[in-house]
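>
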Amino acid sequence: MSSVATTNPAVPTPVRRSALGWGLRDGIVVSRRNLIQTLRNPELLFFSLVQPVIFVLLFAYVFGGAIPVPGSSPEDGAAAYREYLMPGIFGQTVAFAAASSTVGIAEDMSKGIIDRFRSLPMRSSAVLFGRTTADAVRLILVLAVLSVTGLVVGWRIHNGFVQATAAYLLLLLFAYTVAWVGVWIGLHMPNTETAQTAGLIWLFPLTFMSNAFVPLEGMPSWLQTFASWNPLSSLVLSCRELFGNPTGQFPGAAYPWPLEHPVLYTLLSCGAILAVFIPLSTRRFRNTTSR
Amino acid sequence: MSAPAIKASGLVKHYGEVKALDGLDLEVPEGSVVGLLGPNGAGKTTAVRILTTLLRPDSGTATVAGLDVVKQANAVRRVIGLTGQYAAVDEYLTARENLAMVGRLYHLPGKWVDARADELLERFDLADAADRPVRTFSGGMRRRVDLAASLVAHPRILFLDEPTTGLDPRSRLEVWSVIADLVREGTTVLLTTQYLEEADQLAHDIVVIDHGRVIAHGTSDALKDEVGGDRLEVVVRERAQLDDAVAALRSVSDAAPSVSPDERRVSAPVSGGSMVLVEAVRALDAAGVTIDDVVLRRPTLDDVFLSLTGHAAEEKSEAPTGRQGRSRGRKER
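First to last, the sequence lines map onto chains A and B. What the first sequence shows, in the numbering used here, is residues 1 to 291, in sequence order. What the second sequence shows, in the numbering used here, is residues 1001 to 1333, in sequence order.
Right, dumping it as C-alpha cells:
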C-alpha cells in the first residue's frame, strides 16, 4: 500500500536524540511548565510556605518545653527541643509535599491538556517526571524559608557546609521519592476533591509514627519497631546527625539497623520506593486513557 | 489514487456495558474535509480518540496517513493535529509558552519552534495577547490558541472534535474561517459536530453516525436529496384554517402534508420547482385561506438528521458529554 506522504517540507526534521535523552528533555519541558504554574499562582506558593513556618512556631513554643530530648540537660530543655525539632519539620515538610503531587496530577488528568500531551510524539512518562521534578525543585524554596525560620527560633547548623549540603540533598531525594508515591495515588483518584483528601491521609501516620517530633522511647514497642523502620525516621535522624543537632538517641545504646545507619537506609529505601513506584505510575498513566 | 488519509474498519469500543462504537467504518480521502455528524453519545468523540491514538479500539483497525494507530502510534502523532471540545492548553502558561512547549514536545528545534509560534500567533490574531496567561482569555481566544497548538508542526491531517461547541456566533465564524483556510492549503480534516450548519459550511462529505455505526454517507446535497425534494411551508393566519390549507395543498404535494398547529404551519414535500409555489398559492386562495408566509425551501441537514435517526440532532444536548466520555474511559480500563 502506498502510504500518504508524511513529511512536510515546511517542517524541519526532528532533532535526533537517544530515547533516554528525549525522556529527560521532555521531562524538563514539562517540569518547566509546572514551575511556571507555581510562579503564576503566588497565593498558593505563599500558603505552602506559611504552613511549615506555622508548624515550626507551634511545635517550638507549644510543645517545646514539654518534650524532653534525651541526652540534653533539663535547663536547656526547650532550646534543645527546638534544635531537635527542626530536622523533624524538614522531614515532615518534604513528606507532605507529596500531597501537592497527588492533587497536581489529578488536576492535570481531569483537564484537556493531558489529551494534548498524549497526542504529541513525546515520551508520555515525561508528564510524570516533569511533575515530580518540579515538585522537588519547588521544595528548595520551601526549605530555604524553613531554614531561616529555624535560625530565628534558635536552630543552628553545627557541622559545616559539606554535611549540611548532604542533609539538604537527602531531603530533596526524599521529596522526589514521595512525590512519585503521591503521583501514583493521584493517578487513581476520580477527581481533584478526592485527591485533596486521599493525598494527605497517609502522610499523617508516616510523619507522626516517626521520630520527627518526639523521641521513640515514649512509644509502645510495636510502634517503636514501625517508627524505627519508617524511612522518614532515618531521614530525620540523618539530618540531625549531618546538621549536628540533638539526635534524641542515647549514646552507646543499641538501635535497630536503620537507625544505626540512617543515611544508608534512607538512600536504600528511596531507591526501593522509586524502583517500585516509577514503573507502577508510568504503567498506570499509560493505561489510564490509552486503551 | 493515493491511499486514504484516514481509514477505519470495523472499530468497536465498549465502555463497560455501553457500546460506544459498533463496527465503525470510515474513509477520508487526502485533502478532503469529512464531517462526522451525530447526536451526543453517537460515538463521534470515541472515534476521534481512537484515530488520534488516545484510545485503543477493542477490535477493528485504523490507519492515519497509512500508519497503524495502535502499532505505530508515535509515528501517527507526528503527522496529526488534534483540537478537542475543551481547550487543551495550559491555563497558567501564556499563548506563546503553550505553543513553544508543544513544538518542543514534537522534538522540533527550539529556534524554529519559536519562529513558528510567532507566525501562528500573528495568523490567529493573538499577537497582542501572546504574553498573557491563557486563563485571562475569552472562550474564543482559548479555542484559537488550542487550534494554533495543534498546527505547530504543520500537521497533514487535522482532527477537530466539536471545534465550536460553546462558542458565541462571532467566535464560531472566526474558527470556521481558520478551518476553511487550512483546507484550502490542502490539510485533510476530520470534523465532528452537532451543528448541522457547521458540517454544511465546512465539509465536502458528511458521515452520519448513530449508536456507534455509520447510518448515512454522502455529500450534503446527496443526503438532502435522499430525504426528498423541496419542501413547501405555509403559515396560515387563523389556526381554524389549517384543515382547509391541508386539503388545498394535497393537490400539489407529493405526500401528505404535515401540520405544526402551534406555529400554524403546514409543511409538504413537493417537486416541480417554482411553479408549485404558484399553484399552491392559487389553491389556497380558492379555498379562502389567508396566508401569513409561504416558502419553498431545500431540505436542511436537520431534515436529513430527523429522517435518518428519528430524532433531531441537537436535542438532549447535555453539554459535557465529551468530558464524561473521557472520565468513563479513564475508569473502565
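For glycine and all other residues, C-beta sits at the position ideal for the given N, C-alpha and C. None of these values were measured; they are calculated from a predicted model.
Comparing alpha-carbon positions, which option in B:A1020, B:R1143, B:R1132 lies nearest I113 of chain A?
The candidate whose alpha carbon is nearest that of I113 of chain A is B:R1143.
> How would you write the range of the alpha helix (DSSP H) that D26 of chain A sits in, first residue to last?
Run containing D26 of chain A: 19–39, per the alpha helix (DSSP H) assignment.
> Per DSSP, what are the beta-bridge partners of R1213 of chain B in this structure?
For R1213 of chain B, which the question treats as bridged, DSSP gives the partners B:D1210.
> On the three-pair Cβ rule with 8 Å, is the stretch 1050–1064 of chain B touching the stretch 116–124 of chain A?
In short, these stretches touch, since the Cβ pair count reaches three.
> Find the residues of chain A that neighbour D1302 of chain B, judging by a C-beta separation of less than 9 Å, and give them in chain order.
Within 9 Å Cβ-Cβ: nothing; D1302 of chain B doesn't reach chain A, min ~29 Å.
> As a quick exercise: from B:L1024, B:V1304, B:S1274, pick the residue whose alpha carbon is nearest that of L1296 of chain B.
Ranking B:L1024, B:V1304, B:S1274 by Cα distance to L1296 of chain B puts B:S1274 first.
> Taking all protein chains shown into account, do 16 or more other C-beta atoms lie within 10 angstroms of the C-beta of A1008 of chain B, making it buried, or fewer, making it exposed?
Buried, since its Cβ has 16 or more Cβ neighbours within 10 Å.
> From what residue to what residue does the alpha helix (DSSP H) around A1008 of chain B run?
Premise fails: A1008 of chain B lies in the beta strand (DSSP E), 1006–1015, not in any alpha helix (DSSP H).
> Using the rule of at least 16 other Cβ atoms within 10 Å of the residue's Cβ for burial, across every protein chain shown, is Q51 of chain A buried or exposed?
Classification of Q51 of chain A: exposed, given that the 10 Å Cβ count is below 16.
> According to DSSP, is K1019 of chain B part of a helix, a strand, or is it coil?
Residue state, collapsed to three classes: strand.
> First and last residue of the beta strand (DSSP E) that includes V1034 of chain B?
Here the beta strand (DSSP E) through V1034 of chain B covers 1033–1037.
> So what does DSSP say about E1351 of chain B, is it helix, strand or coil?
The structure shown does not extend to residue 1351 of chain B, since chain B is modelled only from 1001 through 1333, so no value can be given for it.
> Run the CB neighbour count on R1298 of chain B, radius 10 Å, all protein chains shown included, and call it buried at 16 or more, exposed below.
Per the 10 Å Cβ criterion, exposed.
> Please classify R1156 of chain B as buried or exposed, where buried requires at least 16 other C-beta atoms within 10 Å of its C-beta.
R1156 of chain B comes out buried.
> What does A106 of chain A touch in chain B if you count any residue whose Cβ is under 8 Å from its own?
Under the 8 Å cutoff, chain B gives no residues; its nearest Cβ is about 11 Å from A106 of chain A.
> Given a cut-off of 9 Å, decide if A78 of chain A and G88 of chain A are closer than it, judged by their beta-carbon atoms.
Cβ atoms of G88 of chain A and A78 of chain A: not closer than 9 Å.
> So, helix, strand or coil for P1155 of chain B, using DSSP?
If DSSP states are grouped into helix, strand and coil, P1155 of chain B belongs with coil.
> Could you name the residues of the same chain whose beta carbon sits closer than 7 Å to that of L151 of chain A, not counting the 5 residues immediately before and after it, in chain order?
Same-chain partners within the cutoff: there are none.
> Per the contact definition of three or more C-beta pairs closer than 8 Å, is the stretch 214–233 of chain A in contact with the stretch 130–140 of chain A?
The stretch 130–140 of chain A is not in contact with the stretch 214–233 of chain A.
> Leaving out five residues on either side along the sequence, give the residues of the same chain with a beta carbon under 7 Å from the beta carbon of E1185 of chain B.
Once the five neighbours on either side are set aside, E1185 of chain B has no close Cβ partner at all.
> Nearest by alpha-carbon distance to N41 of chain A: which of A:A166, A:G104, A:A179 is it?
It is A:G104 whose Cα lies nearest to the Cα of N41 of chain A.
> Measuring CA to CA, which of B:L1191, B:I1215, B:V1102 is closest to H1204 of chain B?
Out of B:L1191, B:I1215, B:V1102, B:L1191 has the C-alpha closest to the C-alpha of H1204 of chain B.
> Quick one: any contact between the stretch 1100–1120 of chain B and the stretch 1211–1222 of chain B, if contact means 3 or more CB pairs under 8 Å?
No, the stretch 1100–1120 of chain B is not in contact with the stretch 1211–1222 of chain B.
> Note down the Cα distance separating A275 of chain A from L259 of chain A, rounded to an integer number of angstroms.
The straight-line gap from Cα to Cα measures roughly 22 Å.
> Going by Cα to Cα distance, which pick from A:L237, A:R25, A:A106 is closest to T197 of chain A?
When only C-alpha atoms are compared, the closest one is A:A106.
> At the 9 Å Cβ level, is S1307 of chain B part of the contact set with chain A, yes or no?
Output row for S1307 of chain B: interface = no.
> At the 9 Å Cβ level, is V103 of chain A part of the contact set with chain B, yes or no?
Not closer than 9 Å to any Cβ of chain B, the Cβ of V103 of chain A fails to qualify, so no.
> Look up P1269 of chain B in the DSSP assignment and say whether it is helix, strand or coil.
Correct three-state label for P1269 of chain B: strand.
> Measuring only the C-alpha atoms, how far is L45 of chain A from T38 of chain A?
Each residue's alpha carbon lies about 7 Å from the other.
> State buried or exposed for A1130 of chain B, treating a residue as buried only when at least 16 other CB atoms are found within 10 Å of its CB.
A1130 of chain B comes out buried.
> Which of helix, strand or coil does DSSP assign to G1218 of chain B?
If DSSP states are grouped into helix, strand and coil, G1218 of chain B belongs with the strands.
> Return the CA-CA distance between P14 of chain A and G130 of chain A, expressed in angstroms with no decimal places.
If you take the alpha carbons of P14 of chain A and G130 of chain A, they lie about 21 Å apart.
> For E1233 of chain B versus V1266 of chain B, is the C-beta spacing smaller than 9 Å?
Their beta carbons are under 9 Å apart, which means E1233 of chain B touches V1266 of chain B by this criterion.
> Give me the DSSP bridge partner(s) of I1291 of chain B.
Partner(s): B:V1236.
> Under a Cβ-count criterion, where at least 16 other Cβ atoms within 10 Å of its own Cβ denotes burial, should I1080 of chain B be classed as buried or exposed?
By the neighbour-count rule (16 or more Cβ atoms within 10 Å), I1080 of chain B is buried.
> Whose C-beta lies closer than 8 Å to the C-beta of R284 of chain A among residues of the same chain, with five residues either side of it excluded?
These residues qualify, in order along the chain: W184, L187, H188.
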